[in-house]
Every structure is written in structure tokens, then in C-alpha cells.
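J.: Order-wise, the sequence lines are chains C, S and H.
Using my numbering, the first residue of the first sequence is number 1, and each one after it goes up by one.
Using my numbering, the first residue of the second sequence is number 1001, and each one after it goes up by one.
Using my numbering, the first residue of the third sequence is number 2001, and each one after it goes up by one.
We put the CB at the ideal spot given by N, CA and C, even for glycine.
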Amino acid sequence: MADDTVLRGHVTLEYPFTRSTGPVVGAFLTGLREGVIVGIRRADGSVLVPPCEYDPETAEPLTEIVEVADTGVVTSWCWNGAPRERQPFTSPYAWALITLDGAATPMLHAVRVDSPAAMQTGMRVRAKWRAEREGHISDIECFVPEDAS
Amino acid sequence: MTAPLDPVAPPITLPPSLRDVEPVQRVRTPFRLDYEVSAGRSMAAYLRAMKEKRILGERCPVTGQVFVPPRGVTPTSGLVTTELVELPDRGYVESFCVTRVPIPGRDDLQLPYVSAWIVLDGASVGFLGLVADIPPEEVRLGLRVQAVWRPDDELGETADNIKYWAPTGEPDVEITSYEYVGQPGEAP
Amino acid sequence: MTDIAIVAYAARQQAEVEENELEMIAPLIEQVRSETGLGPDDIDFTCSGSSDFLAGAAFSFVLTLDATRPVPPIVESHVEMDGAWALYEAWVKLQIGEAKTALVYGYGKSSPGSLRDVLATQLDPYTVAPLWPDAFGIAGLQARLMLDAGDVTERDLAEVAARSLADAADNPNAVRAGAHSIDELLAEPYLHDPLRAHDCPARADGGAAVILAADDVARRVCERPAWIRAIDHRMDVHHFGVRDPRRARSAELAAQAVGVTSDKVDVAELDAPFSHQEPLLVRALGLDAANTRINPSGGSLTGHVMMAAGLVRLGEAATRVHRGDADRAVAHATSGPWLQQNLVAVLEGD
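1) Look up Ala118(C) in the DSSP assignment and say whether it is helix, strand or coil.
2) Taking the straight line between their C-alpha atoms, what separation do you get for Glu53(C) and Ala104(C)?
3) For Tyr15(C) and Ala1039(S), I'd like the C-alpha separation in whole angstroms.
4) If Val1125(S) sits next to Gly2056(H), beta carbons under 8 Å apart, how far is it from one beta carbon to the other, in whole angstroms?
5) With Pro2279(H) as the anchor, note down where its alpha helix (DSSP H) starts and where it stops.
6) Starting from Leu2147(H) and walking both ways along the beta strand (DSSP E), at which residues does that stretch end?
7) Kindly examine the ligand SAH and report whether one of its heavy atoms sits closer than 7 Å to the Cβ of Val2346(H).
8) Can you find a C-beta in chain H that's less than 8 Å from the C-beta of Phe1096(S)?
9) Between the C-alpha atoms of Gly2178(H) and Trp2227(H), what's the straight-line distance to the nearest angstrom?
10) Pull up the distance between the alpha-carbon of Pro2337(H) and that of Ala2135(H), whole angstroms please.
11) List the endpoints of the continuous beta strand (DSSP E) containing Tyr2105(H).
12) If you reduce the DSSP assignment to three classes, tell me which class Thr2319(H) lands in.
13) Can you check whether the C-beta of Thr954(S) is within less than 8 Å of a C-beta belonging to chain H?
14) Give the residues from the region 2122-2135 of chain H that approach chain C closer than 7 Å (Cβ to any Cβ), ordered along the chain.
15) Under a three-way DSSP split, which group does Asp1034(S) fall into?
16) Mapping the DSSP letters down to three states, classify Pro2201(H) as helix, strand or coil.
17) When the Cα atoms are used, what is the spatial distance from Leu2287(H) to Ala2248(H)?
18) Quick one, which of Pro2296(H), His2304(H) and Gly2324(H) has its alpha-carbon nearest Glu2316(H)'s?
19) Where does Glu1045(S) land, buried or exposed, given buried means 16+ other C-beta within 10 angstroms?
20) Taking Val2007(H) and Cys2222(H) to be in contact with their CB atoms under 8 Å, please state how far apart those CB atoms are, rounded to whole angstroms.
21) Hey, how far is the Cα of Leu1155(S) from the Cα of Glu1052(S)?
22) What residues of chain H sit near Ile137(C), judged by a beta carbon separation below 8 Å?
23) Report the CB separation of Leu1141(S) from Leu7(C) in whole angstroms; it is logged as a contact under 8 Å.
24) Establish whether the CB of Arg2144(H) and some CB of chain C are separated by less than 8 Å.
25) Could you please give the first and the last residue of the uninterrupted alpha helix (DSSP H) stretch that includes Glu2252(H)?
26) Could you say which of Arg124(C), Phe28(C) and His10(C) lies nearest to Leu100(C) if we only look at CA atoms?
27) At 7 Å on the CB atoms, spell out the chain C contacts of His2322(H), in chain order.
28) Which residues, taken in chain order from the region 1034-1052 of chain S, show a beta carbon closer than 8 Å to some beta carbon of chain C?
29) Under 8 Å, Cβ to Cβ, is there at least one residue of chain C near Leu1018(S)?
30) Using the rule of at least 16 other Cβ atoms within 10 Å of the residue's Cβ for burial, across every protein chain shown, is Ile2416(H) buried or exposed?
31) So which residues on chain H does Arg84(C) lean against when the C-beta distance must stay under 8 Å?
32) Could you please give the first and the last residue of the uninterrupted alpha helix (DSSP H) stretch that includes Tyr1046(S)?
33) Shorter than 8 Å from the beta carbon of Pro2027(H) to some beta carbon of chain S?
34) Any residues in the region 57-73 of chain C with a beta carbon nearer than 9 Å to a beta carbon of chain S? Which ones, in chain order?
35) Mind checking who Cys142(C) pairs with in its DSSP beta bridge?
36) Using CA atoms only, rank isn't needed, just tell me which of Phe17(C), Glu85(C), Val49(C) and Phe89(C) is closest to Thr71(C).
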């Protein structure tokens, strides 16, 4: 008589989260709203992108926000052939580590090309900016090959 | 009056492009994850019985104490427990709290409301429930209560089938102890 | 230093478990208790590892405490980590003499949610997580760097997968197993170029339970205890750009701290959820792959329980010592993107 089928229920965990940024992450996001990408200078002169408040190797506070280019080189990529909800696009694209001109460290973002055949480590890309920006990592819609129209 | 705290980190310097613009200080990062959870064997039995207006507990194989809702393992034994016990839908208030402020998303709760720790006859532990049909200032420890169920066509596999607990009018239970290590199934 | 050993281990890995987490872990705890004869009253300290993000609820580990017989009250702790780190905390408790026995368990039921999206929430919340990059995509970036640099070839990755799948045929807990030729595996399409399906972890629900005991207690309850000679864990920096994904510096440091290479290693159970991470870890730990049996259990490629995979590696390594298949074994656990956190232990039998 007892029902042995598995009893399931739907649970949604949802939070609105508005995070305070502080001055360093705030500067990065301000830059995105203004259509520029910034990093922060380390003691050895190299520029960390995205910027962080303390040097990850020495723990010293970092203070000098520096503008870098919105063009750079793909240092690694991985094809996302079946995009998931909340990801940047519904059609396939590449995740990539992109080292911008002027930066010593790569940042992670999406590269929009038609197929993995169009991706190559070392290719040059440029940021495609959204027309309306608010100070969010997705103010950069994606990166595209530098010579794309 | 104390002086304001000095900032720990020195102030940052900005490139020309960011010097004269309003700085971003907040960013929206909404979070959402979805789950299809399975209730598990014991909880499924409890929820299915709820739909039939029956309340199930489980009996500890070591101490004989009765726990409700049943989880499949009793905390007094740590052993997988399969003996389910049917409990009446009546018991008493072991403790309570009167709340006069609203909760976001719970417009269904009429203020003030009384949340109470309900111990069913035969159970060794209580659980949270609403007490109503009585002025809040008359709610007291030991008050005997009975479940008020939703209409049959509104019943589901949920403890929400019990709208609230209402006084039965019987004499109060005399609570002499809050220890659950007494005789199994007996009200303390 | 007190002699502390793993004296019992039980695990379960299954593609999808229908019971809830408490019903899933309770039989494993009962099993290690009955193997050692150590009941709830004989356990001085209990520590578990699990994640609220898998369960979709705050304080979700409280649900499973019933299996530890918490009434009357016990001495207990929890880490929002793989059970391997719960074992570390229990080891510390025994080292400082506050306990002689400990029950450790880790578990994860990831099937109700979407694990690959859950894992996106551990990334930088301002600059990375809002793009919701899934765990396989992140791992693929590391694999590409290794392939581009010549650290590994796609053939090397297929060899790791083929060997793991073949070894898993002997493991009743494996969710993926079988004989496949390298060419067969290389003919499979990419799942996330450059990763193929078999290069990625075999997600499973389940858990593991372990009992630790000190000195004479260990000798009394276990015929050949797996003594934890040394254990250490380290963490790499969070900022993606600063890490070199071709190395796991935290694993290198932990391996040096425990002296992995000070003697022959018969068996190494490495928590490498992705195939490219095995050769990376072999190099990081300084292992001699030609003379060490790597992942005889099949490893995380053939069965991976989030929050328990590391504890399973410890248990599998200990089992080889218990059985006499190994005199000296190394066990490794990892957490976070690109092997961000690593725990390494050396186990020895008398």
C-alpha cells in the first residue's frame, strides 16, 4: 500500500546581493562603466588585472591604479559548446584567459567566435563594449578577434 | 568622543580617465541556484501520511523515545531506524513566543502571532507550530492544543496541512521537567 | 608526535542516491563502527565535511548529525570542506591529546542541484563569478595551458583515463569503468575542447566514513593500522591571474612538508578530478610514476563525490595499507579551481 516512489520537491535559493566594492574593486568597475580597463601596479612595476587590494605574494597594500589597453592576447581558451543558464551567451563561445596590453596577468572572460577552429592561443582580441554600462564585468559584452569588424 | 579610525590601507591613486567621475561603490551580483531535492525514505513517509492527516514519528531502538518528524536515524542511537509510530494530532505547548513585527514575504501571518513548541501526546520532542484561536496573552506553558487542518481538498504532502494549533479546553499539562531522558513517550 | 592511524573506512559512490543525506551516510558510519567495535560512547571526537551549496540549505550538516548519536551531547566539529580536511582537524585533536579516537565523515549529494553551476559560486564574486563560468570550462583553461606548453599531450590524458577506467572495474564504488583503448578514447568528441567527457570527473552522490585512533587503541581495533606519518595542507592564491595553472604550488609545499619523496611510495591515491591534473600532481608531489601505483581505485575520474573525494583517496590509500598491498602510501585531496587547495598525507603500515 505504501508509495515507494521518490518524493521530490523544488527548492530555489535566490538572493539579490548588492556588494560593496571598496576603492580598488570599485575603481575597476568604475573603469568598466567608463569603457576602460584598469589594473594595479605591484612593487616590481608590473600591473595586476583585475586589480586587488594587497599583493598576493608579499601582502603589501597596493595603491596605484593604472589604465591598460582593451586589447590583448589569448593566453588560454576552452570551448563552451553547451552554454548554461546565466552564462554570457546562449550559443557556443570560448572561455579565455586574456592578457591585455600593459598587464602582466590575464583576466577571464568570454571570446565570441563561430567555432573552436577560430580560437588559437596567442591570437589577439579586443573588448566589445556594451552601449549601456553600469559598472559590472559584463559591461564588456565579450572579446572578439582584434581585426573583426 | 573618540577620533575616527584611520584607514588601514593608504589611499589609492587613479589614472586621469577615472579622476573626475563618480566612483562605483556597489555592484549587483544576484545569486540563484535551483534544486530538485528528494525527501528521503522517512520524510517521504511522513509527508505522505500528512496528506492523510496522519502524523508519523519514529521510535528509537535503544531508548524507546519517539521523534517527530522521523528522519530515519534517531539522535539517541545513531542507528538507522525503521519503526514508524503514528501520533495523535493533539499535545501541549512547551514554550511559545508572541511576535508583533511582520516578516518579509509572510503577509499571511496576522499580527500578533504566537509561535509555539508543540509536544504531541506520545512524542519525546516538540516542533514549531502556530497557536491561534486564543488571545496571545492567554497562551501559557502546558496549554493543551489540537491541530486545525486545512480542508481535505487543500491537503498536500506538507506539514503546512496543519494551519495552526488551537486550545482544546482541557486542563493544562503540568510540566515538571524539560529533560527528554524520562520515560519514553510520556509527557514530562 | 602521537601515532595516529586510519583504522577503518567505508564509502559509497553512486550516480544518483534517492535517500536523503542522513540516510545516505548513516550506514557508512555504522559500518566503520562495527568494523572497529568502537560504538558512539567510544568515539572522543567527531568531525565532518560537507557543503550547504550542494544541499541548498544553510547549516545542512546538522541534518546528518543524528547518525553520530549526538544525544547525550558529543564533542563535534564541521568544516565546509571535503572530509579530508575534517580528517585533518580530527588528526590535530588527537595530536594534542584531547582525544584518542575520532569519527570522520564527508558526504555530498550533488544530484539535486547543478554542481557545475554551484562551483561557479566559489570564484571571485566581483570579476569572475558574475559570468558563471562552470567548473569544466575553468579546468579546460588549465588543460589548454598544459597542452600548449607540452607538459602533456592529448594522448597522455587519454592514457590516464584508460588506466583509471580499467582499474575501476575492480572497484564496486566506481560509477564509470571499463576497458577502452587509447585510440577509442581519443576518437570521442570534445566535451569542452580540449577536454573530453572521460577527462572530466565522474560525478556521484555518496560519502565516506573513517575512524582515526591513536597508539594502543589503533593496534587493538585494527590488525594493520595505516599510520598517518605526516599530513599537511596549503592553499594557493585566489586571484586567477597570479597563479601559474601549470603548477600547484600549494601541493608542492604540502608534499615537501610531509616528506613524500623521503622513501619509496608504493601507492598514491591522488584527487585529480580532471585527467590533466594527474600528471600535474605527480610532478608536484615528486612521485616516481614508474615505481608507484597511481590511483588503483580508479580515482576521481571514475567516481567523484563532491566533499568526499579527498577523504575517499585517504580511505583508499589506507585500505591498501590495511590489506598489505602497500607499506607506504601517499594520499592527496584537493579543493577549489585549478587545484587551489591541496592536502597531502603519508600513510605507512608496520
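T.: Reading it off the structure:
1) helix
2) 16 Å
3) 24 Å
4) Incorrect: roughly 25 Å between the Cβ atoms, too far for contact.
5) Gln2277 to Leu2285
6) Where Leu2147(H) is concerned, there is no enclosing beta strand (DSSP E), although the alpha helix (DSSP H) it sits in stretches over Ala2135 to Ala2149.
7) In the structure shown, the ligand SAH is absent, as is every other ligand, since no ligand is present at all.
8) Chain H, which has no Cβ nearer than 8 Å to the Cβ of Phe1096(S), makes this no.
9) 33 Å
10) 7 Å
11) Thr2101 to Gly2108
12) helix
13) It is not possible to answer for residue 954(S), since the shown part of chain S is limited to 1001 through 1188.
14) Answer set for the region 2122-2135 of chain H: Pro2125, Tyr2126, Thr2127, Val2128, Pro2130, Leu2131, Trp2132, Pro2133 and Asp2134.
15) strand
16) coil
17) 14 Å
18) Out of Pro2296(H), His2304(H) and Gly2324(H), Pro2296(H) has the C-alpha closest to the C-alpha of Glu2316(H).
19) Sequence check: residue 1045(S) is Ala here, not Glu. With 16 or more other Cβ atoms within 10 Å, it is buried.
20) 4 Å
21) Their Cα atoms are separated by approximately 8 Å.
22) Those are Tyr2126, Thr2127, Val2128, Pro2130 and Leu2131, listed as they occur along chain H.
23) With a Cβ gap of about 35 Å, Leu1141(S) and Leu7(C) do not count as contacting.
24) yes
25) Arg2249 to Val2258
26) Arg124(C)
27) In chain order: nothing, as chain C lies at least about 36 Å away.
28) Asp1034, Tyr1035, Glu1036, Val1037, Ser1038, Ala1039, Met1043, Ala1044, Ala1045, Leu1047 and Arg1048
29) Closer than 8 Å to some Cβ of chain C, the Cβ of Leu1018(S) qualifies, so yes.
30) Outside the shown range of chain H (2001 to 2350) lies residue 2416(H), about which nothing can therefore be said.
31) Ser2114, Arg2116, Asp2117, Trp2132 and Asp2134
32) Membership of Tyr1046(S) in the alpha helix (DSSP H) is indicated by the continuous run Arg1041 to Lys1051.
33) yes
34) Result list: Pro61, Leu62, Thr63, Glu64, Ile65, Val66 and Glu67.
35) Lys128(C)
36) Val49(C)
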